[in-house]
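J.: Got a structure for you, questions after.
What follows is the structure in structure tokens.
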């Protein structure tokens with residue numbers, strides 16, 4: 603599964 | 137980007153602007169904890185290390201620069217600006233905040249999503265931010281009465297992560313495989329630490345008087 607990221611958040 | 141995250145970022149931005157307004161215009165940092173501000177500077181410095189290596193959007197980079205710039209300038213103001221430093225309550229702001237840094241670093245080395253330099257420091261910034269408000273809350277209880285600007289600052293700062301929790305719930309239901317327990321738990325702990333402040337804030341706010 604494609605791992606989602608939080609790096610688009612502040 | 138969703139409405140909860142945008143509201144969270146705007147609330148966070150508002151908290152920073154309120155504090156800068158207080159410190160820059162009335163040259164006072166009465167009731168504000170320098171130790172919390174120092175912890176927040178470390179939080180942003182370790183969270184935004186990828187600011188020059190990974191570009192997400194103009195908005196993202198701009199906000200990172202705002203949070204980095206404002207947190208370091210607030211620390212500078214409170215430490216070195218004569219007029220502002222004079223209003224700093226050194227005797228009351230005594231929470232041993234450096235004792236928070238090491239456990240957060242150790243915890244980040246133990247519990248993280250990926251064992252890379254950037255990821256461990258990013259996780260460290262999450263844990264540190266969760267407890268960064270403690271010196272401010274302790275100072276608040278010692279100084280009893282605080283002015284409205286400081287009260288608004290703490291309220292907005294506490295509210296932003298609560299909105300981020302709504303953002304994570306929204307993303308969980310809209311993005312497949314969106315599971316990030318570390319961030320969720322750190323964000324929940326952070327928001328819960330404000331619980332009694334929110335309680336008194338609403339009591340006073342509804343009562344129409346200052347936050348006591």
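Protein chains in written order, with the working numbering: chain A, 603 to 612; chain B, 137 to 348.
Just so you know, even glycine gets a beta-carbon here, dropped at the ideal spot from N, CA and C.
Please decide whether residue 252 of chain B counts as near chain A, where near means a Cβ-Cβ distance under 9 Å.
T.: Taking Cβ atoms only, chain A never reaches closer than 9 Å to residue 252 of chain B, which makes this a no.
J.: Residues in its own chain within less than 7 Å of residue 172 of chain B by CB, not counting five upstream and five downstream?
T.: These residues qualify, in order along the chain: 268, 269, 271 and 272.
J.: Determine the direct distance from the alpha carbon of residue 246 of chain B to that of residue 332 of chain B, and round the result to whole angstroms.
T.: Residue 332 of chain B and residue 246 of chain B: Cα-Cα distance of roughly 30 Å.
J.: Would you verify that the beta carbon of residue 206 of chain B is, or is not, closer than 9 Å to some beta carbon of chain A?
T.: Residue 206 of chain B does not count as touching chain A.
J.: Quick one: residues in its chain with C-beta nearer than 7 Å to the C-beta of residue 228 of chain B, no 5 flanking neighbours on either side, listed in chain order?
T.: If we look at residue 228 of chain B and ignore the five residues flanking it on each side, its Cβ neighbours are 275, 278 and 279.
J.: Work out the CA separation of residue 233 of chain B and residue 165 of chain B for me, nearest whole Å.
T.: Distance between the alpha carbons of residue 165 of chain B and residue 233 of chain B is about 18 Å.
J.: Would you mind telling me which residues of chain A sit closer than 7 Å to residue 259 of chain B, beta carbon to beta carbon, in chain order?
T.: Simply none; closest approach about 10 Å.
J.: Quick one: what does DSSP say residue 238 of chain B is sitting in, helix, strand or coil?
T.: The answer is helix: DSSP assigns residue 238 of chain B an H, G or I state.
J.: Tell me which same chain residues have a C-beta within less than 8 Å of the C-beta of residue 220 of chain B, skipping the five on either side of it?
T.: Counting only Cβ-Cβ distances below 8 Å, and skipping sequence neighbours, we find 159, 163, 164, 165, 213 and 214.
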